[in-house]
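Chemist: Number 7 in the UniProt record's numbering belongs to position 7 of the sequence shown; there are no gaps in the numbering. Glycine is no exception: its CB is placed at the ideal position from the N, C-alpha and C atoms. Since the model is a prediction, treat every value here as computed from it, not as a measurement. Before I ask anything, here is the structure I am working with.
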Amino acid sequence: MQKKVLGRGLSAIIDDVEEAYKQDIEQAKDLVREIDVERISPNPYQPRTHFNEVALKELSESIKRHGLLQPIIVVAKDDNYMLLAGERRLRASKLAGFTKIKAIVADIESKNLRELALIENIQREDLNPVELAVAYKELIEEYKITQDGLSEIIHKSRTQITNTIRLLSLSEQTKKYLAEGVLSQGHAKVLVGLEPKDEETIVNTILGQKLSVRETEALVKKLKSTDETISKKEKIISAIPEELQTLKSRLKELGFEATPKANTITIHFKNGEAIYTFLEQLK
Numbered sequence: 001m002q003k004k005v006l007g008r009g010l011s012a013i014i015d016d017v018e019e020a021y022k023q024d025i026e027q028a029k030d031l032v033r034e035i036d037v038e039r040i041s042p043n044p045y046q047p048r049t050h051f052n053e054v055a056l057k058e059l060s061e062s063i064k065r066h067g068l069l070q071p072i073i074v075v076a077k078d079d080n081y082m083l084l085a086g087e088r089r090l091r092a093s094k095l096a097g098f099t100k101i102k103a104i105v106a107d108i109e110s111k112n113l114r115e116l117a118l119i120e121n122i123q124r125e126d127l128n129p130v131e132l133a134v135a136y137k138e139l140i141e142e143y144k145i146t147q148d149g150l151s152e153i154i155h156k157s158r159t160q161i162t163n164t165i166r167l168l169s170l171s172e173q174t175k176k177y178l179a180e181g182v183l184s185q186g187h188a189k190v191l192v193g194l195e196p197k198d199e200e201t202i203v204n205t206i207l208g209q210k211l212s213v214r215e216t217e218a219l220v221k222k223l224k225s226t227d228e229t230i231s232k233k234e235k236i237i238s239a240i241p242e243e244l245q246t247l248k249s250r251l252k253e254l255g256f257e258a259t260p261k262a263n264t265i266t267i268h269f270k271n272g273e274a275i276y277t278f279l280e281q282l283k
């Protein structure tokens, strides 16, 4: 565990995190310490912002019964420690009433704490979809790598990474619903690319009518089909000269239906009398 990761690649940083977990505790007794939980501060770069209270309570009860099976990982900071991996375990231990916790004290450069926190969570914790999307985006921007490159490093498909990052384009309210579990990721994926007003309408319909993902897909497909029809109609109208549009409106005022097309206009007559009336008005 006594490694320096400063200046090394993203894969190497991940290897350090993986090693910390895979290290046989019996062979690393000198690294495991009993630390006062009050001396451990959270990693400020922790991407997780939401913790499931029910799951946390369940983990707390498990720790009460069986103890902490896997130590958390911390780094020394001044006379105290900063958490690197295992925030759920730390929170659950506090909830269980423990004042001390088993921890591996890692020797890691502070410059890499942000990256390590992101990677540790991607690899080990159940981040909500929004938190995961932010973590992916930050890693890509920080290391200037492609989605394919990130895919190879964290062993997630490029499609999965792409679809997750696209969730960030949703409205703040929709992302809030997604982060809180009110809206599923399956529903959210269907909403990507919609106009803000349409997105809001669909979200309200999903929640109000408790639509399944399949029903949501059908609703969005119908909405897009309607939009395409309106768009085509608008394109046709915009291609007709303004003079013909004006003539059509004038004819309608006189009681005649007309259809303008490009540089022509077709007037529809109900009968011969209508034609006679029209010709009389032209005189």
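Rounded to whole angstroms, what's the CA-CA distance from Lys210 to Val182? Just pull it up for me.
Modeler: When rounded, the distance between both Cα atoms is 11 Å.
Chemist: Would you kindly check if the distance between the Cβ of Lys102 and the Cβ of Val37 is under 7 Å?
Modeler: Going by C-beta atoms, Val37 is not nearer than 7 Å to Lys102.
Chemist: Over the uninterrupted beta strand (DSSP E) stretch that includes Ala103, give me the two end residues.
Modeler: Unbroken beta strand (DSSP E) run through Ala103: Lys100 to Ala106.
Chemist: Can you tell me whether Leu69 is helix, strand or coil according to DSSP?
Modeler: Correct three-state label for Leu69: coil.
Chemist: Between which two residues does the beta strand (DSSP E) holding Ala85 run?
Modeler: Looking at the DSSP string, the run of the beta strand (DSSP E) that includes Ala85 is Asn80 to Ala85.
Chemist: Tell me, to the nearest whole angstrom, how far the beta carbon of Leu59 is from that of Arg88; I am working on the premise that it is less than 8 Å.
Modeler: Yes, they are in contact, since the Cβ atoms of Leu59 and Arg88 sit about 6 Å apart, within 8 Å.
Chemist: I need the DSSP call for Lys77, collapsed to helix, strand or coil.
Modeler: If DSSP states are grouped into helix, strand and coil, Lys77 belongs with the strands.
Chemist: If you reduce the DSSP assignment to three classes, tell me which class Glu195 lands in.
Modeler: Looking at Glu195 - three-state DSSP - the assignment turns out to be coil, as it is neither helix nor strand.
Chemist: Taking the beta strand (DSSP E) that Arg39 falls in, what are its first and last residues?
Modeler: Counting along the chain, Arg39 falls outside any beta strand (DSSP E), and DSSP gives it neither H nor E.
Chemist: Note down, in chain order, each residue of its chain lying with its Cβ closer than 8 Å to the Cβ of Val74, except the 5 sequence neighbours on either side.
Modeler: Cβ within range, chain order: Ile35, Ile40, Tyr81, Met82, Leu83, Leu84, Ala103, Ile104, Val105 and Ala106.
Chemist: With distances taken Cα to Cα, identify the nearest neighbour of Thr99 among Lys252, Leu68, Leu279 and Tyr177.
Modeler: Looking at the Cα atoms, Leu68 is the closest of the given residues.
Chemist: Return helix, strand or coil for Tyr276, following the three-state DSSP convention.
Modeler: Correct three-state label for Tyr276: helix.
Chemist: Buried or exposed: where does Leu191 fall if 16 or more other Cβ atoms within 10 Å of its Cβ makes it buried?
Modeler: When all chains shown are included, Leu191 counts as buried.
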